[in-house]
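The structure appears below as structure tokens.
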Amino acid sequence: MITILHLYPRELGINGDVGNVLALRRRAQWRGAEVRVVDHEVGAPLPEVAHLVHIGSGPLSAQQLVLDDLAAIAPTLRSWAADGVPFLAVAGGWQLLGRSLVLTDGTVLPGAEVLPSDATLTDRRIVREVWSDDVAGFENHGARTTVDGRPVEWPVARFGSSIATTLHGPFLPMNPTFADELLTVAADRAGVELGAAGESIALVDDYAARSRRAIKGRL
Amino acid sequence: MPGRVLLALNPRFLSRAVERMPLGVVFVSGSNGKSTTTHMLVSILRAHGVSVFSNPTGANLPQGIASAMLASVPLDGRLREDVAVLEVDEAFGPRLAQQLAPHSVLLVNLQVDQLNRFYEPARVAGMLEQFARVATRHLVINGDDHNLVALAERIAGSGAERWEFAVDPALLDAGPAWLARGDNPALAEAGVRKDSAVTVESLEGRTAALSVGGARFPVSLPARGLHYAVDAAAATAMARALLGDRFDSEAVASGLAAMEPVYGRGEVLHVNGEDIELLTMKNPPSLQVNLDYLEPHPEQVFVAVDEGTPDPSWIYGSDLSRLDHVDVLTGTKAWQLATRFAYDEIPVHRVIPELAPALDAFLALPKPSRGVKTMIVNYEQMMLVRKQLGFLELEGRP
Chain A
6 MITILHLYPR ELGINGDVGN VLALRRRAQW RGAEVRVVDH EVGAPLPEVA HLVHIGSGPL
66 SAQQLVLDDL AAIAPTLRSW AADGVPFLAV AGGWQLLGRS LVLTDGTVLP GAEVLPSDAT
126 LTDRRIVREV WSDDVAGFEN HGARTTVDGR PVEWPVARFG SSIATTLHGP FLPMNPTFAD
186 ELLTVAADRA GVELGAAGES IALVDDYAAR SRRAIKGRL
Chain B
376 MPGRVLLALN PRFLSRAVER MPLGVVFVSG SNGKSTTTHM LVSILRAHGV SVFSNPTGAN
436 LPQGIASAML ASVPLDGRLR EDVAVLEVDE AFGPRLAQQL APHSVLLVNL QVDQLNRFYE
496 PARVAGMLEQ FARVATRHLV INGDDHNLVA LAERIAGSGA ERWEFAVDPA LLDAGPAWLA
556 RGDNPALAEA GVRKDSAVTV ESLEGRTAAL SVGGARFPVS LPARGLHYAV DAAAATAMAR
616 ALLGDRFDSE AVASGLAAME PVYGRGEVLH VNGEDIELLT MKNPPSLQVN LDYLEPHPEQ
676 VFVAVDEGTP DPSWIYGSDL SRLDHVDVLT GTKAWQLATR FAYDEIPVHR VIPELAPALD
736 AFLALPKPSR GVKTMIVNYE QMMLVRKQLG FLELEGRP
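Quick note, the sequences are listed as chains A and B, same order. Its first residue numbered 6, the first sequence is counted upward by one per residue in our numbering. Its first residue numbered 376, the second sequence is counted upward by one per residue in our numbering.
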């Protein structure tokens with residue numbers, strides 16, 4: 006059984022980020038693996054184990070709602086990350102899992118320090134479709150992210166087995182290779198065998214490829 | 376548009392028109408349900424014998440309101456009705472408030488509406504706050520909506536008397552609470568029984584029980600759904616605030632009963648001797664309301680989404696269980712939607728990115744054995760579909 010932990014789905018789910026969890030769950034099930042998704046709400050205890058952790062995006066007002074709880078669970082999250090548990094962190098969720106988030110008025114919010122990045126909110130918002138050979142999607146955010154002071158330019162960053170992105174919503178449905186990469190690590194940690202990809206996966210991956218091509222065509 | 380010209384020629388037109396109305400000007404605003412709530416309030420006030428000026432559905436921008444008033448004012452330019460009940464767009468509210476100075480404001484909810492238009496709930500709250508501040512008589516808010524409660528706290532010194540409507544916590548827990556509370560759902564307070572002016576106590580099909588000052592009475596709603604009950608509570612709360620001792624729960628019930636039942640959420644087009652229902656997907660709450668309204672598994676389904684919805688990501692958060700297949704999928708976002716449907720194992724029979732052939736393919740399907748052909752489209756595709764089918768004027772919107 007693979008356990009996927011979904012952090013704050015109510016607060017950080019404004020952009021359909023639950024689509025990432027859906028993609029992970031379905032793809033594992035289609036490959037014959039049993040999956041359990043645990044939603045972590047503010048104030049609730051964490052499960053004993055998690056093989057993969059997802060945190061979605063949300064506006065500042067929603068981020069502020071989860072800050073206290075995040076501080077409480079941060080030590081556990083850090084120990085999981087140090088142990089190799091893969092995280093997928095999206096936009097506002099990435100900012101929260103980083104080291105710090107600087108607001109436009111200069112206020113510094115502490116991050117969970119799961120990922121070694123720092124974010125600074127800016128007045129300029131980036132709202133656009135994105136395409137490259139590796140990845141496609143939509144970003145809508147207003148932050149500058151750095152790792153050790155160096156700017157992160159591309160919408161997807163890797164930290165060990167973890168992935169962080171500014172592409173919100175259906176990042177994994179649209180870019181299934183990232184989903185499979187995360188799932189492979191999670192299944193391995195759970196001691197679960199993933200079967201071969203069948204027709205269902207071929208179909209969604211064909212749709213996803215056509216979605217990416219449509220975006221490419223528009224840019 | 377005559378309203379635009381009129382406002383340019385005579386910027387004082389609006390304020391003069393409403394100056395002497397005894398019950399003043401009421402703004403009804405919020406993210407979802409403002410049209411229905413406005414209709415309900417008008418109907419309830421009329422059932423009390425109050426004469427009401429109101430703007431037609433959807434005409435909630437300054438020029439639309441000016442056009443509607445122009446058609447109603449006598450030569451002296453002053454409306455004769457007792458009260459003006461106006462549905463007001465969130466973004467235009469602040470500007471309208473400068474000209475119309477609402478005495479009373481009713482805020483139904485603050486949902487994550489048109490995300491790419493507003494970005495942040497806090498920004499929409501700021502817009503609402505600007506005109507809510509102007510009210511000197513009554514501020515009526517959704518007591519289950521954390522954002523609106525906070526807004527009311529911020530402007531507590533504005534002089535308006537504050538009234539709340541709410542849903543009984545037990546009922547909220549049982550239903551799709553986010554529809555009643557307003558999205559972001561997480562921003563809502565957990566179920567605590569509040570001391571509100573009007574409370575939705577129960578809901579059974581199209582009948583809801585409202586309680587006002589401890590007295591409980593049944594009302595019939597224009598359609599099923601908790602959001603209609605919430606709209607009815609909102610309208611009842613404002614009626615109670617405006618009418619004081621004249622408020623009569625029987626008139627509330629008869630006013631609501633006099634409303635036309637809503638059988639479909641969307642517009643029905645008659646094409647080739649067949650009815651086609653057109654449902655729009657504006658934002659997550661409105662799509663969910665439209666989907667939940669459908670009978671399970673409509674026999675023939677057409678879906679069209681284009682760049683008018685720059686980022687359809689949020690549809691991953693929607694419950695699509697009413698659909699068991701899609702016959703024809705079109706629009707520039709068709710493949711993204713196909714991916715979404717596939718992850719819920721909802722088969723898509725044909726993806727035809729171009730609208731004209733997609734529409735032809737859908738219309739070529741034989742008349743369904745039950746129900747009507749159902750189209751789920753974004754606003755821009757709705758306009759194009761209407762045009763393709765020869766419906767040029769946008770009128771008779773539900």
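Note that beta-carbon positions come from the ideal geometry of N, C-alpha and C, so glycine has one too. Keep in mind it's a predicted model, so treat the numbers as computed, not measured.
Those residues which DSSP pairs with residue i across a bridge
i, result
"Ala141 of chain A", "A:Trp136"
"Asn517 of chain B", "B:Phe540"
"Ala459 of chain B", "B:Val400, B:Phe428"
"Leu177 of chain A", "According to DSSP, Leu177 of chain A bridges with nothing at all."
"Arg149 of chain A", "A:Thr125"
"Ser479 of chain B", "B:Val401, B:His513"
"Phe677 of chain B", "B:Val703, B:Met750"
"Ile651 of chain B", "B:Leu644, B:Lys748"
Residue i (DSSP reduced to helix, strand or coil)
i, result
"Trp689 of chain B", "helix"
"Trp159 of chain A", "coil"
"Asp193 of chain A", "helix"
"Asp702 of chain B", "strand"
"Thr749 of chain B", "strand"
"Pro91 of chain A", "coil"
"Ile220 of chain A", "helix"
"His602 of chain B", "helix"
"Leu82 of chain A", "helix"
"Ser205 of chain A", "helix"
"Arg395 of chain B", "coil"
"His414 of chain B", "helix"
"Val23 of chain A", "helix"
"Glu53 of chain A", "coil"
"Arg697 of chain B", "coil"
Outcome for residue i when other beta-carbon atoms lying within 10 angstroms are tallied against a minimum of 16
i, result
"His724 of chain B", "exposed"
"Ala103 of chain A", "Before going on, a small fix: residue 103 of chain A reads as Gly here, not Ala. With 16 or more other Cβ atoms within 10 Å, it is buried."
"Val54 of chain A", "exposed"
"Gln68 of chain A", "buried"
"Pro160 of chain A", "buried"
"Met444 of chain B", "buried"
"Arg36 of chain A", "buried"
"Gln34 of chain A", "exposed"
"Met6 of chain A", "exposed"
"Ala184 of chain A", "buried"
"Glu720 of chain B", "exposed"
"Val463 of chain B", "buried"
"Ser390 of chain B", "exposed"
"Val153 of chain A", "Checking the displayed sequence, the identity of residue 153 of chain A turns out to be Asp instead of Val. Per the 10 Å Cβ criterion, exposed."
"Leu475 of chain B", "buried"
"His56 of chain A", "buried"
"Ser447 of chain B", "exposed"
"His59 of chain A", "buried"
For residue j and residue i, the rounded distance between their alpha carbons
i, j, result
"Val43 of chain A", "Ala614 of chain B", "45 angstroms"
"Ala472 of chain B", "Phe506 of chain B", "6 angstroms"
"Pro115 of chain A", "Ser418 of chain B", "52 angstroms"
"Arg453 of chain B", "Glu394 of chain B", "7 angstroms"
"Thr413 of chain B", "Ser595 of chain B", "16 angstroms"
"Pro660 of chain B", "Asn407 of chain B", "8 angstroms"
"Pro437 of chain B", "Ile751 of chain B", "29 angstroms"
"Val40 of chain A", "Thr8 of chain A", "6 angstroms"
"Gln711 of chain B", "Ser216 of chain A", "5 angstroms"
"Gly580 of chain B", "Gln486 of chain B", "25 angstroms"
"Tyr718 of chain B", "Thr189 of chain A", "19 angstroms"
"Gly765 of chain B", "Phe467 of chain B", "32 angstroms"
"Leu108 of chain A", "Tyr603 of chain B", "39 angstroms"
"Asp210 of chain A", "Thr714 of chain B", "8 angstroms"
"Gly378 of chain B", "Gly439 of chain B", "6 angstroms"
"Asp570 of chain B", "Ala608 of chain B", "14 angstroms"
"Leu132 of chain A", "Leu704 of chain B", "A quick correction: the sequence has Val, not Leu, at residue 132 of chain A. Going from the Cα of Val132 of chain A to the Cα of Leu704 of chain B covers about 26 angstroms."
"Leu669 of chain B", "Val627 of chain B", "28 angstroms"
"Arg591 of chain B", "Leu450 of chain B", "45 angstroms"
"Val427 of chain B", "Arg470 of chain B", "23 angstroms"
"Ser744 of chain B", "Phe737 of chain B", "15 angstroms"
Whole-angstrom C-beta distance between residue j and residue i, which should lie under 8 angstroms
i, j, result
"Gly679 of chain B", "Gly706 of chain B", "Inspection of the sequence shows that residue 679 of chain B is occupied by Ala rather than by Gly. Indeed they touch by this definition, with Cβ atoms about 4 angstroms apart."
"Ala28 of chain A", "Leu177 of chain A", "4 angstroms"
"Met179 of chain A", "Ala207 of chain A", "Not quite, the Cβ-Cβ distance comes to about 16 angstroms (not below 8 angstroms), so this is no contact."
"Leu481 of chain B", "Val401 of chain B", "6 angstroms"
Distance cut-off 7 angstroms: residue i Cβ against heavy atoms of the ligand HEM
i, result
"Pro743 of chain B", "Looking at this structure, you won't find the ligand HEM or any other ligand, since it has none at all."
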